[in-house]
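Residue numbers (my numbering): 44 to 363. Don't be surprised by glycine CBs; every beta carbon is placed ideally from N, CA and C.
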């Protein structure tokens, strides 16, 4: 059987959507899409977030197809959601008619305003996951200090004891110098770096070479780097650190480019992530995702996060 006869356009539909989205504590996205589908007699309505991930849907499952202008037919129509100069996602509809374009445009504007006001609701357990991730990061810092500077200090202590018993004081001084270099190197990697992702990865590569390690190889889309939100820049940098910094890690290759409404960071080589679930939790908290294989990592993140401060502290600090 075919679809029901076309319904008259509801002139107050955008207002009804706004009221529904304002009244629902959970954001009401699914209910709003149900209302839109029913009011316009659509087959399918799907809202994708800025990473391309479906956030809410109503009606029949959407079939993949090319983005088309508003036209009669089964092909999906993709309408961008924008507010305050930010790309918030896409509304995909199936079964729209040409005369519904003004109403769909107005409805999409209402949805975009609601999303820009509230943002995507965090998934259940996100706060606990992030707390666990912070604890895991602290454990890794402790391991880094223990395996590097602390071991060097132990050697320096033995050399100092030997010098106190009449041994060669030059050996003690050299051991202290080695420990100091190890501690400075560890502190540099712990302290955030100021600058664009290209700049900070260049500094990281130079530090690796200074320590006798293979340099990074990276190819970044500079137009994308220029618009990265603070949290995306920080997360991308720290992920590269995690695979390039461990002792004996092979050379890492890094690529960054636009991917749909977001950005894709691909890392090949380096060492395997010690705790990929921790990084996956960070990606989810930013509205993205992480996929890992034995020799490849892909981090997908949105480009719509508010830029409230630089990704790294610009306040100059003296080198220890």
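Residues near residue i in its chain [Cβ-Cβ closer than 7 Å; skip 5 each side]
i           : result
residue 302 : 343
residue 335 : 316, 319
residue 89  : 97, 100, 105, 135
residue 77  : 101
From the options, residue whose alpha carbon lies closest to that of residue i
i           : options            : result
residue 273 : 153, 329, 156, 311 : 329
residue 296 : 262, 150, 318, 221 : 262
residue 320 : 147, 309, 332      : 332
residue 56  : 146, 140, 137      : 146
residue 311 : 305, 324, 287      : 287
residue 290 : 190, 88, 77, 234   : 190
residue 155 : 280, 298, 61       : 61
residue 326 : 345, 339, 313      : 345
residue 323 : 340, 313, 314      : 340
residue 253 : 276, 279, 74, 225  : 225
residue 152 : 223, 337, 58, 234  : 58
residue 124 : 150, 192, 306      : 150
residue 157 : 86, 71, 148        : 71
DSSP-derived helix/strand/coil call for residue i
i           : result
residue 72  : helix
residue 424 : In the structure as shown, the chain starts at 44 and stops at 363, and residue 424 therefore has no counterpart that could be examined.
residue 311 : strand
residue 85  : coil
residue 228 : helix
residue 304 : coil
residue 290 : coil
residue 209 : coil
residue 55  : coil
residue 344 : strand
residue 93  : coil
residue 234 : coil
residue 318 : coil
residue 110 : Annotation note: pLDDT 41 at residue 110 (below 50); position unreliable, coordinate value reported separately. Residue 110: coil per DSSP, three-state reduction.
residue 338 : coil
residue 239 : coil
residue 223 : helix
residue 331 : coil
residue 167 : Caution is warranted here: a pLDDT of 48 is assigned to residue 167, below 50, making its placement in the model unreliable, and the coordinate value is therefore given only provisionally. Coil, per DSSP.
Contact set for residue i: own chain, Cβ-Cβ below 8 Å, skip 5 residues either direction
i           : result
residue 249 : 258
residue 163 : At residue 163, the pLDDT of 46 sits below 50, so the modelled position is not reliable; the number obtained from the coordinates is stated separately. Once the five neighbours on either side are set aside, the close Cβ partners of residue 163 are 92, 98, 330.
residue 214 : 202, 205, 206
Same chain, Cβ closer than 6 Å to residue i, five either side skipped, listed in chain order
i           : result
residue 218 : 198, 199, 202
residue 143 : 83
residue 374 : Outside the displayed range of the chain (44 to 363) lies residue 374, so it cannot be described from this structure.
residue 308 : 279, 299, 342
residue 79  : 88, 150
Heavy atom of the ligand MG within 7 Å of residue i beta-carbon
i           : result
residue 291 : Because no ligand of any kind appears in the structure shown, any question about the ligand MG cannot be addressed here.
Task: Minimum length 3: unbroken beta strand (DSSP E) runs contained in the segment 252 to 276 - done: 260 to 263
Open item on the list: Which runs of the alpha helix (DSSP H) at least 4 residues long sit entirely within the segment 132 to 164? Give them in chain order.
Closed with: 144 to 161
Open item on the list: Contact between the segment 203 to 219 and the segment 233 to 252 is defined here as three or more beta-carbon pairs at a separation below 8 Å; is this criterion met?
Closed with: no
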